[in-house]
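Read in order, the letters of the sequence shown correspond to residues 204 to 653 in the numbering used here. Let me begin by presenting the structure, written as structure tokens, before commenting on it.
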Amino acid sequence: MSNCARGDMSGGPHIALFPNAGMGNRMPYLRLATILLGRRCRITLITPRPTITTAEAAAISSFLSTYPEFARISRSTHLIRPMLSSASPPLSAVISDLFAASQIAPILTDLHLPLYILFTTSVKFLPLIALLPKLLSDPSRLNPSSSDVNFPCLPPLPVQSIPPPLFNPGHVFTQMLATAFPAFQRAKAILMNTFEEFEKSTLTALNHDRIIEDLPPLLPIGPLRPYHKSRELTPKGDYKTWLESQPVDSVVYVCFGSKAPIGVAQIQELGKGLVGSGFRFLWALKTKISLDDEYNDKDQETKSEDVRELLGDSVWHENGRRGMVMSSWVDQDEVLANSSIGGFVSHCGWNSVTEAMWAGVPVLAWPHNGDQRVNAQVVEESGLGVWVKEWGMGSGNGLVNGEEIGEKIGEFMRDENLRERARKIGEEARKAVDAGGSSHETITKVLKSL
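Here it is, written out as structure tokens:
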């Protein structure tokens, strides 16, 4: 099943947005939807049904209530073709996730509709996906025992940065990515959630030097700015009040995303490190992968007791004093925008990177899996943050002890040069999306072409 939500704005093109499942995938589409609404576009948002988590459903429902230009109807997947062909007014284009694009591209070709792909990770990660079929055809080029994977006219990518499933041609994730590349070739352009200056060298190599054949233009339209959220999605808890009472740049924010928890031993060492760093901290702690509603505070008292037992009294003693540990959902956009936040310890999911970029907050990269190590490299190369490459996430990747973590966080939070570089990146990011900026003008050109 799929849900269809329509934003009714007269005078502009009618664009369908077709994200994949999962909040990490959908968030950029919701942000893009608000930007396009502001440009007087009519928007149809098509989402898989049922949603994977109740948190995901809550976020979409909140989005629709905040932006009443949208109405909501349901359609079965096999009705996507007639839905697209009978849209009124007729569709001007479809913006799709890569995986969804591989399924709907033939339909769009038949309907003579242009396809744009919104790629929701870094530009630096894209060549790995675009060249994956060629890499898989020559095992010597994608060899886990070598030190690097080489690309034409681009810096080599360390083997440690490659997601492990890609070394296995039979892995379902690898097969999905390899078969998705033809969708790239069918797209009119690939929209990137970044801005020109942030990943300039890679964008130049791919757009102007044309190092990958049949790759459509990459159009940087980001960072896709946070949108206003309705009050019903505002998380409960005391962390907002606590943050407001802290000095400027005094708090380190720690979050490793919502889907990839770290091991118990590493959690305990990180707690020791935060206390030992001497700095205030806000820690959004995810202890397990769950399909429960992350926005629902039921059983929060029990969860807090579990977290207290996990962290131990020495860490929990600081809770509400020099630090805050939150086992429920926090509004990361809002946290990073708070003047008390002086640094962000992050797994480097691309949404988190662009949110730090937008807020001008420096990042201490601690990647876990997927595209995160490549993104961490982008963070370091851009000057937005630093990356301790030796750090793993426990469970066979090496346990990082609390003393080392504390020393590094202290060094990171005292680095005023890094903080100033991050602030400048934040200023550049906002200029890029303001009227006349590079990302703003790129979106203008796309809409004019439609």
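Heads up, the beta-carbon is just placed ideally off N, CA and C, and yes, glycines get one too. Values in this document were obtained by computation on a predicted structure and should not be read as measured data.
Contact between the stretch 334-346 and the stretch 584-594 is absent: fewer than 3 CB-CB pairs across the two stretches fall below 8 Å.
Looking at the DSSP output, SER299 bridges to PHE221 and ILE320. Separation of the CB atoms of PHE387 and LEU418 is rounded to 6 Å, and the pair is thereby assigned contact status at 8 Å.
Beta-carbon to beta-carbon, ILE612 and PHE482 are separated by about 6 Å, close enough to satisfy the 8 Å threshold. In this structure the stretch 410-425 lies against the stretch 355-364, because at least three pairs of beta carbons, one per stretch, are closer than 8 Å. Contact fails between the stretch 511-529 and the stretch 538-552, because fewer than three Cβ pairs, one in each stretch, are under 8 Å apart.
When SER289, GLU402, VAL352 and PRO293 are compared, the shortest CA-CA separation from GLU584 is found for GLU402. In terms of CA proximity to GLY241, THR647 leads the group THR647, SER555 and SER652. In this structure, ARG576 lies near SER364, with their beta-carbon atoms less than 7 Å apart. Ranked by how close their Cα comes to the Cα of TRP561, the residues ALA635, LEU513, GLY601 and LEU485 have ALA635 in first place.
DSSP places ALA290 outside both helix and strand once states are collapsed to three, so it counts as coil.
In this structure, the straight-line span from the alpha carbon of VAL352 to that of LEU331 is close to 9 Å. The residue from GLU619, GLU606, GLN535 and VAL603 with its alpha-carbon nearest to that of GLY227 is GLN535.
Residue SER530 holds the alpha-carbon nearest to the alpha-carbon of GLY460 among HIS431, GLU472 and SER530.
The way I'd put it, the stretch 315-335 does touch the stretch 217-234; three or more beta-carbon pairs between them come closer than 8 Å. Following the DSSP letters along the chain, one finds SER549 inside the beta strand (DSSP E) bounded by residues 544-549.
Of the other Cβ atoms in all chains shown, fewer than 16 fall within 10 Å of the Cβ of GLY515; this residue is therefore exposed. In this structure, DSSP gives ILE263 a helical state, which the three-state scheme calls helix. DSSP places GLY526 in the strand class (E or B) of the three-state scheme. In the assembly as shown, ARG245 is a buried residue. Its beta-carbon has 16 or more other beta-carbons within 10 Å. Counting along the chain, ASN410 sits inside the alpha helix (DSSP H) bounded by residues 403-410. Separation of MET527 and PHE384 (C-alpha to C-alpha, rounded to the nearest whole angstrom) is 44 Å. Between TYR456 and ALA487, the alpha-carbon positions lie close to 8 Å from each other. A straight line joining the alpha-carbon of LEU567 with that of VAL548 spans about 5 Å. Distance from the Cα of ASN396 is smallest, within the candidate group PRO570, LEU294, VAL467 and PRO429, for PRO429. Around ASN604, the same chain offers GLU472 as residues with beta carbons nearer than 7 Å, after the five sequence neighbours per side are excluded. Excluding sequence positions up to five before and after VAL556, its CB lies within less than 8 Å of the CB of SER325, SER549, VAL566, ASN578, VAL581, VAL582 and LEU587, all in the same chain and listed in chain order. DSSP, reduced to helix, strand and coil, places ALA392 within a strand of the structure shown.
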